[in-house]
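> I am attaching a structure below and will ask some questions about it afterwards.
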Amino acid sequence: MYYNSVVAGGIQDFYFAATSKGIYDITAGGAGPHTEVLAWPNTGGKAGWCSVVNYTLVDGTHNLLVCDEDNGYYIFDGTTWEAGTFTGNPKPLAADLVHITEWQGRIWFVERNTARAWFLDPLALTGDITPFDVGSRFKRGGHLVQNTTWTLDDGAGMDDRFVMISSSGDLLVWTGVNPTTSDDMVLQGRWVVGAVPEGRRVMSDWGGDVAILSTNGLLTVSSLLTTGKPLAADAYLSYNISRYVRSEMAKTLNEFGWSIEIVPSEGVAVITVPQPLKTSRDPVQFVVNTTTNAWCMFRDLDMVCQNKNNKGYFFGTHDGRVMMTDGEVDNANLAGTSAQPIKFSMLSHYSDLGSPATWKRPQFVRPSWLANSEPTYAVQVRFDYDINEIATIPPHIPSELAVWDTAIWDADSWGGSAQSFLETVGQTGMGRTLALAIRGESTVATSYLGADVMVDQGGIL
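For the sequence shown, our numbering assigns the number -19 to the initial residue and increments by one for each residue that follows.
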């Protein structure tokens, strides 16, 4: 959680991390120990799963507003943490408010185990609070999971709309400004997008749109508005990996840990997948290039949750660490004295080379790379839709580029800008369709440019 104050330069900013015990100030970074600034009344269970809003009042006071799954609503004003309080009748218990967002200057909440939202007066953090029941709008039942906002130009100028989703997948889109006036708060549309996974991070900003994660896959709200007919399978952003997403969701639909986050600095969006502690499954996250819509998977990253802010992209781990994606190596320690290579594995698309019935025999493969030093890798031709991964790769040899005033001229490797690397590798086997499997690792920024494949071709027998 990032308290992003109105004071430029970050001198009054704070970083916080939430656990099942409380909230800790991790602004100083390092290995700790870090100070617990708020101890949860209810520990364990779902405590620590929070939603947050940065909110500045007209007097310039900046606040971090937090709703926790087991402990409800808290306010940090830059100095102290306090539980939220409300007036009026009816009013909810602050401890029952589990999600928070801002829309049209008002703070909105989700009440636990209900189909009810609550909203405050404009520019208020406490005080009179008003219910907004939407259970009658949920055709498939279920509880209210999450609220978010969506700004678009519908031809009549920019409009900030309010989006709500239920656990059963009923999606509501509202227009208006004042929810206390029925003529002003208008339901623009209602759709069913499929049941959503546990937690309150199933909707996220998507470059001017809103992305929704459900059992049907990943799609945007704008796709619902523009088609005017049932969605085709390829309308889902996750179309190319739908079977993998659905497989993981079938295993962990009721686990906390599903979330979506765009990472602008990397040009990707990340879907985190829960990794229950009692299971032996290797962790995996689904990652899409937001420019090309090409998908890949992050493996062996212990990602419990994720968050981005103007300081970078962060994720939390099961062993209580906060990690930041930065640099060109993996699992680097704080002193920078140890790290691991970043590993990669890929399989190209299959091709019949324009002759689907004939047999092909590869002779040589020549992958092309762009990097400061050549990656360590193995490459093999795969045949006829074999998707097995390469089992082993050669031992990694760390790059040793020149150090000024230490390296020896004409003996040590000269450092500098990226260069291309080519290596011709012999191949064996035969098949009708061919693909390239590559698996390797690197400690520098590396781009795979493509490969030359030299084959001879036989007949249909």
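Glycine included, each C-beta is placed from N, C-alpha and C at the ideal position.
Can you look up ALA431 in the DSSP assignment and give me helix, strand or coil?
Strand at ALA431.
> How is VAL309 classed by DSSP in three states: helix, strand or coil?
Coil at VAL309, not helix or strand.
> So, with DSSP's three-state summary, where would you put THR7?
Correct three-state label for THR7: coil.
> My guess is that GLY237 and SER194 are in contact by the Cβ rule of under 8 angstroms, so how many angstroms apart are they, rounded?
Their Cβ separation, rounded to whole angstroms, is 15 angstroms, which puts GLY237 and SER194 out of contact at 8 angstroms.
> Using a Cβ-Cβ cutoff of less than 6 angstroms, which residues in the same chain neighbour GLN255 once the five nearest sequence positions on both sides are dropped?
Excluding residues within five positions, the ones whose Cβ falls inside 6 angstroms are PRO263.
> By how many angstroms is the C-alpha of GLN84 removed from the C-alpha of ASP139?
Computed Cα separation, rounded: 10 angstroms.
> Along the chain, which unbroken stretches of the alpha helix (DSSP H) at least 4 residues long are found entirely within the stretch 198 to 223?
Within the stretch 198 to 223, the complete alpha helix (DSSP H) runs of at least 4 residues are 201 to 207.
> With distances taken Cα to Cα, identify the nearest neighbour of TYR357 among GLU308, GLY420, ALA415, TYR224.
Among GLU308, GLY420, ALA415, TYR224, the Cα nearest to that of TYR357 is on GLY420.
> What distance in whole Å lies between the Cβ atoms of LEU198 and LEU217, which are believed to be in contact at a cut-off of 8 angstroms?
Indeed they touch by this definition, with Cβ atoms about 4 angstroms apart.
> Going by DSSP in three states, GLU82 sits in which element: helix, strand or coil?
Three-state result, GLU82: strand.
> Taking buried to mean at least 16 other C-beta atoms within 10 Å of its own C-beta, is LEU100 buried or exposed?
With 16 or more Cβ atoms within 10 Å of its Cβ, LEU100 is classed as buried.
> Smallest Cα separation from ASP306: which of GLY300, GLY296, GLY292, VAL172?
For the residues GLY300, GLY296, GLY292, VAL172, the minimum Cα distance to ASP306 belongs to GLY292.
> For ASP150, does the three-state DSSP call read helix, strand or coil?
ASP150: strand per DSSP, three-state reduction.
> What is the rounded straight-line gap between the Cα of PRO159 and the Cα of GLY52?
Their Cα atoms are separated by approximately 23 angstroms.
> What residues are listed by DSSP as bridge partners for TRP29?
According to DSSP, TRP29 bridges with nothing at all.
> Output the residue ranges of the alpha helix (DSSP H) runs that lie fully inside the stretch 221 to 307 and measure 4 residues or longer, sorted by chain position.
Runs found: 222 to 232.
> So VAL33 and ILE109 are supposed to be a Cβ contact under 8 angstroms. How far apart are they, rounded?
The pair is not a contact, with the Cβ atoms about 15 angstroms apart (cut-off 8 angstroms).
> I think LEU333 touches LYS340, with their Cβ atoms under 8 angstroms apart; what is that distance to the nearest whole Å?
Confirmed, about 6 angstroms.
> Relative to the C-alpha of GLY187, which residue among VAL143, LEU132, TRP275, ASN234 is closest?
Per the Cα distances, LEU132.
> To the nearest angstrom, report how far apart GLY156 and PHE142 are at their CA atoms.
Approximately 8 angstroms between the Cα atoms of the pair.
> Alpha carbon to alpha carbon, how far is PRO321 from ASP310? Give it in angstroms, no decimals.
When rounded, the distance between both Cα atoms is 6 angstroms.
> Kindly confirm or deny that the stretch -6 to 12 and the stretch 260 to 279 touch, where touching means at least three C-beta pairs closer than 8 angstroms.
Segments in contact, no.
> Return the first residue and the last residue of the beta strand (DSSP E) that GLU49 is part of.
Looking at the DSSP string, GLU49 is not in any beta strand (DSSP E), and its letter there is neither H nor E.
> Can you give me the start and stop residues for the beta strand (DSSP E) that VAL166 sits inside?
Counting along the chain, the beta strand (DSSP E) containing VAL166 begins and ends at 166 to 172.
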